[in-house]
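Chemist: Encoded as structure tokens, here's the structure I'll be asking about.
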Amino acid sequence: MTTGPDAGRLPAAYLAPGSSSFTEFVGAHAPQLLPSRRTLPPGSTLEAPHGTTIVTATFDGGVVMAGDRRATMGNLIANRDMEKVFAGDEYSAVGIAGTAGIAIELVKLFQVELEHYEKIEGTLLSLEGKANRLASMIRANLGLAMQGLSVVPLFAGYDLDREAGRIFSYDVTGGCYEEHDHHSVGSGSLFARGSLKKLWRPGLSGDDALSVVVEALYDAADDDSATGGPDVGRRIWPTVAVVGDAGLRFVPDEELRTVVEAVIAGRDGNPGGAR
Amino acid sequence: MTSMPFYVSPEQLMKDRADYARKGIARGRSVVVLGYDKGIAFVAENPSRALHKVSEIYDRIAFAAVGKYNEFENLRVAGVRYADLRGYSYDRTDVTARGLANFYAQVLGTVFTQESKPYEVEIVVAEVGEGAEDDQVYRLTYDGSVADERGFVAMGGAGESVEAGLKERWTPGMSLGDALSLAVGLLAQDPSGGAARELSAAQLEVAVLDRERPRRTFRRIGGSLLNALLNTEDPTHDAPSTDDPTPGRHDTLTGEGEVRDESSNPETQRPEGEGNKPEAP
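First to last, the protein sequences are chains A and B. Using our numbering, the letters of the first sequence map in sequence onto residues 1 to 275. Using our numbering, the letters of the second sequence map in sequence onto residues 1001 to 1281.
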């Protein structure tokens, strides 16, 4: 800080008035820290761990999001206990599918972005505001996505104004779409969506929604090799976040174990879960 | 024709600037920062609900200031940017009050010597530790000098007389209720020896860094909780460990409504436990 154009003064980005965005500040002051500012050598392809399936569903009074724990690299399992569902802030959850390294960095940036806004402005961003901030981060990642390192998140949160859970999905270009009732992204999402259509009902309770998303993940793992099913031997359960008017809560392992065991018991001798 | 530059000795120049800054600061109302058994409390005489003198910087770090609002607000935002950038590029545990105090010292020192007008501010950066002996409180003045304070600090117009009172009556391990009553009593005194004023909860801005909370420890205190803490006859001596149950931002404890469900998690990460390995802090 003692040499260069600032000559002992604080870099201008620190004192710039008007911006409450952490991403904008980092972009102006230390752009090398942003995941989207990296360039890859042209024409190369890279094998990196990929996160797989995220499932989310609304219920009466909130929204629940679940993710399996597997990351794959080609035909290998790169990680069997990766967390892919994160809290954005107190009232929102982000699940990620796609290149795990970039996705996790993006979520970390998103979390700081929301907290930064909260501290500077002294108020929470609206749920749509949060969804749009995430969209602009995905948009900035388009260059990397075109080289195969795409990130597709799923965003869900509790809207304090409408007093209901809402779901937003994204495409690689940063398009942000509101989804109704339920949604799923990632390699196993086709099977999970089919399962959700049959299992989800309007006005579900929180506990029922929890078992619906766990069962949808089970169905995804049944047909998609990249999605990890519940691992009873290692006691690896899906990551599940429940967001409601009381805030966000990650479902503890003991509770998940009961739900998972009930789903598995329901499939005993009835592998398709017909009912 | 330009006028002949007069020679002004550096001593005179610095003295003039220091006098100017001191005068500006002395015009404002005071802020008290003091330790209590479970953390650090901040008490400011500030009737405004929107323009804060005390704010959160990071998980365990808070900021208090007196002087010109636009100048210390500028410093607060710079501090939040500094802390968030550091936490993002290293780890949340690597953001320290010492680093932030050094950062502010550089900024204030440079402004004092290089700009045409010094900042008319005095600030405190406080970090709550695991125990009272690990608490850190730094006082920074307009010229960038840093003082490492123990236990309590008072700044602003009546700063000196309040600090004299604190020296006499503050003891380590006071309860929050006692600490707040002491601070408010001293703020209400007239430094020129007149009758003490009556300070109501509405004229006060009160916040704490609560060492027993996980992650973000900063909470404002308002509503009936503040009244109860300031009332010596009320049995309330401590801030609750759970947030208000009302949906919305949980930065203020009012003690109104029922207790919030403890399982709800205002933190941004799944708590570390058996068999789960968090991927990001």
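Beta carbons: idealized from backbone N, C-alpha and C, even for Gly.
1) If you follow the alpha helix (DSSP H) that N1074/B is in, where does it begin and where does it stop?
2) Rounded to whole angstroms, what's the CA-CA distance from L109/A to G1151/B? Just pull it up for me.
3) With a 10 Å radius around its C-beta and 16 neighbouring C-beta atoms as the bar for buried, classify P1172/B as buried or exposed.
4) Does the distance from the CB of A57/A to the CB of A209/A come in under 8 Å?
5) Pull out every residue of the region 1006-1024 of chain B whose Cβ sits closer than 7 Å to any Cβ of chain A, in chain order.
6) Quick check: what's the CA-CA separation for A12/A versus T39/A?
7) Counting only C-beta atoms, is D245/A closer than 8 Å to chain B at any point?
8) By the 9 Å beta-carbon criterion, what residues does the region 117-128 of chain A contribute toward chain B?
9) So the candidates are R275/A, T23/A, A16/A and A262/A; which of them puts its Cα closest to the Cα of A277/A?
10) Give every residue of the same chain whose Cβ lies closer than 7 Å to the Cβ of E1205/B, excluding the five residues on either side of it in the sequence, and list them in chain order.
11) Determine the direct distance from the alpha carbon of N270/A to that of R133/A, and round the result to whole angstroms.
12) I need the DSSP call for N79/A, collapsed to helix, strand or coil.
13) Do you know offhand how far L1253/B's Cα is from E1168/B's?
14) Which same chain residues, not among the five before or five after A216/A, have their C-beta less than 6 Å away from its C-beta?
15) So what's Y1036/B in DSSP terms, helix, strand or just coil?
16) In angstroms, rounded to a whole number, what distance separates the CA positions of I1057/B and G1035/B?
17) Express the C-alpha separation of S19/A and P153/A in angstroms, rounding to a whole number.
18) Applying the criterion that 16 or more other CB atoms from any shown protein chain within 10 Å of the CB defines a buried residue, is M137/A buried or exposed?
19) So, for F86/A: in the same chain, excluding its five sequence neighbours on each side, which residues have a beta-carbon less than 6 Å away from its beta-carbon?
20) Less than 8 Å separating the beta-carbons of A1207/B and R1215/B?
21) Chain B partners of V112/A, CB-CB under 9 Å?
22) Can you list, in chain order, the residues of its chain with a C-beta nearer than 8 Å to that of G1222/B? Leave out the 5 residues immediately preceding and following it.
23) According to DSSP, which residues form a beta bridge with L1294/B?
24) Counting C-beta neighbours from all protein chains within 10 Å, is the total for L1085/B 16 or more, i.e. buried, or is it exposed?
25) Return the CA-CA distance between S1192/B and K119/A, expressed in angstroms with no decimal places.
26) Against chain B, with Cβ distances strictly below 8 Å, would V26/A count as a contact?
27) Cα separation between S1264/B and E90/A?
28) Provide the residue(s) that pair with G51/A in DSSP beta bridges, ordered along the chain.
29) Using a Cβ-Cβ cutoff of 7 Å, what residues of the region 246-265 of chain A are near chain B? List them in chain order.
30) Touching or not, the region 158-176 of chain A and the region 76-84 of chain A, by the rule of three or more beta carbon pairs under 8 Å?
31) Does the beta carbon of V1033/B come closer than 8 Å to any beta carbon on chain A?
32) Alpha carbon to alpha carbon, how far is R1060/B from T1217/B? Give it in angstroms, no decimals.
33) I need the DSSP call for A1041/B, collapsed to helix, strand or coil.
34) Is any beta-carbon of chain A found at less than 8 Å from that of G1248/B?
35) With respect to 7 Å, is the separation between the Cβ of A1026/B and the closest non-hydrogen atom of the ligand ZN below this value?
36) Check whether chain B comes within 8 Å of K108/A, counting only Cβ atoms and requiring the distance to be less than that.
Modeler: Per the coordinate set shown:
1) N1074/B -> alpha helix (DSSP H) spans Y1069 to S1089.
2) The alpha-carbon atoms of L109/A and G1151/B are separated by roughly 36 Å.
3) Classification for P1172/B: exposed.
4) Taking 8 Å as the Cβ cut-off, A57/A and A209/A qualify as a contacting pair.
5) The region 1006-1024 of chain B vs chain A, Cβ under 7 Å: nothing.
6) In this structure, the alpha-carbon of A12/A lies about 26 Å from that of T39/A.
7) Any Cβ of chain B closer than 8 Å to the Cβ of D245/A would place that residue at the interface, and such an atom is present.
8) Under the 9 Å Cβ criterion, the region 117-128 of chain A contributes E118, K119, I120, G122, T123 and L124.
9) Because chain A here runs from 1 to 275, residue 277/A falls outside it and cannot be looked at.
10) A1044, N1046, H1052, K1053 and V1054, listed in sequence order.
11) In a straight line, the C-alpha of R133/A is about 44 Å away from that of N270/A.
12) Looking at N79/A - three-state DSSP - the assignment turns out to be strand.
13) Rounded to the nearest whole angstrom, the CA to CA distance from L1253/B to E1168/B is 30 Å.
14) So the list reads V55, A192, S195 and L196, once near-sequence residues are dropped.
15) Y1036/B falls in the strand class under three-state DSSP.
16) Near 18 Å, if we compare the C-alpha coordinates of G1035/B and I1057/B.
17) Counting only the Cα atoms, S19/A lies some 25 Å from P153/A.
18) Here M137/A is buried: its Cβ has 16 or more other Cβ atoms, across all protein chains shown, within 10 Å.
19) Closer than 6 Å at the Cβ level, and outside the excluded window around F86/A, lie V94 and V107.
20) It is not a contact, given that the beta carbons lie outside the stated cut-off.
21) Here the neighbours are D1084, L1085, G1087 and Y1088.
22) Result list for G1222/B: A1201, V1206, T1252, L1253 and T1254, in chain order.
23) Lying before the first or after the last residue shown, residue 1294/B is absent from chain B, which here runs from 1001 to 1281.
24) With 16 or more Cβ atoms within 10 Å of its Cβ, L1085/B is classed as buried.
25) Each residue's alpha carbon lies about 38 Å from the other.
26) Chain B, which has a Cβ nearer than 8 Å to the Cβ of V26/A, makes this yes.
27) Residue placement at S1264/B cannot be trusted, given a pLDDT of 43 that sits under 50; what the coordinates show is reported in the next sentence. Taking the straight line joining both Cα atoms gives about 9 Å.
28) In the DSSP assignment, G51/A is bridged to A71/A and G98/A.
29) Cβ contacts with chain B come from A246, G247, L248, R249, F250 and D253.
30) By the Cβ test, the region 158-176 of chain A is not in contact with the region 76-84 of chain A, since fewer than three Cβ pairs between them sit closer than 8 Å.
31) For V1033/B, not one C-beta of chain A is nearer than 8 Å to its own C-beta.
32) Taking the straight line from one Cα to the other gives about 6 Å.
33) A1041/B falls in the strand class under three-state DSSP.
34) For G1248/B, the answer is yes, since a Cβ of chain A falls inside 8 Å of its Cβ.
35) The ligand ZN is absent from the structure shown, which contains no ligand whatsoever.
36) Closer than 8 Å: yes.
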